[in-house]
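>
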Amino acid sequence: MEPQNLEINPTENLRAISLWLDNYDDVFSDFDPRPFSERAISDDFLVEAKKMFRENSKGRFELRLLIPQAVRNPKDESLVSTRLRRYFKVLEQEERKKIAQETRRGLLLTGLGFFLLVMAVFLFRLELASLWADFLLVLMEPAGWFTTWFGMDKLFYDVPEGKKNHVFTHKMAEAVISFVSY
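In the working numbering, the protein residues as written are 11 to 192.
(1) Sorted by chain position, which residues of the same chain lie with C-beta nearer than 6 Å to residue 113's C-beta, five sequence neighbours on each side aside?
(2) My understanding is that residue 67 touches residue 181, with C-beta atoms under 8 Å, so please give their C-beta distance in whole angstroms.
(3) Could you tell me whether any Cβ in chain C is nearer than 8 Å to the Cβ of residue 173?
(4) Please go through the region 31-92 and give each complete beta strand (DSSP E) segment of 3 or more residues, from N-terminal end onward.
(5) Residue 131 to residue 123, Cα distance in whole Å?
(6) Alpha carbon to alpha carbon, how far is residue 29 from residue 14? Give it in angstroms, no decimals.
(7) Does DSSP put residue 127 in a helix, in a strand, or in coil?
(8) What do you get for residue 34, buried or exposed, if any count of 16 or more other CB atoms within 10 angstroms of its CB means buried?
(9) Helix, strand or coil: how does DSSP classify residue 185 here?
(10) Going by beta carbon distance, what residues of the same chain come within less than 8 Å of residue 39, once the five residues before and after it are set aside?
(11) For residue 91, which residues of its own chain have a beta-carbon under 6 Å away from its beta-carbon, when the five flanking residues on both sides are left out?
(12) Is the region 98-112 close to the region 159-178, with three or more CB pairs under 8 Å?
As structure tokens, then:
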């Protein structure tokens, strides 16, 4: 499977992601013996499609699969097309859930971290001369900082990365899938 350049299809105003396939099996995992309608999508196929997508991710897409004329089969093409579309729709829903989950987790951790820091300040201001108070202060201050930064890391790094993946899966779920002979 070799990637080809990202092109603009002037007649339909779609950006084409063209991938060369030796046969339909190149779309699917080599380790999955199930039929096309159930098989897992190949990691190599996904990496190449994502690489081509990242070069220019604006607009609508056509996923153009170039396959030798001798091995083309309309029935298999229909199954492959249906399987790819279903796969990307499921993945898009999972990415959407993951973004919401990471956002909630990031906000919760950031809030918890701020709470721990505020509690540490109050504990410090009470000036309790107790081993337990000192222990709690020593424990709460770094825990507050760590939790705050970890929550912000989720919000500022994990969520945007998830959004990039969501855009890819959404555009691939909506892409026109075509098979072209070479």
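C-beta: ideal position from N, C-alpha, C; glycine also. All values derive from a computational prediction rather than experimental measurement.
Let's see:
(1) 169
(2) 7 Å
(3) In the structure shown, chain C does not exist; there is a single protein chain.
(4) 71-77
(5) 12 Å
(6) Caution is warranted here: a pLDDT of 48 is assigned to residue 14, below 50, making its placement in the model unreliable, and the coordinate value is therefore given only provisionally. Their backbone Cα atoms lie some 6 Å apart in a straight line.
(7) helix
(8) Under this definition residue 34 is a buried residue.
(9) coil
(10) 49, 50, 51, 52, 53
(11) 187
(12) yes
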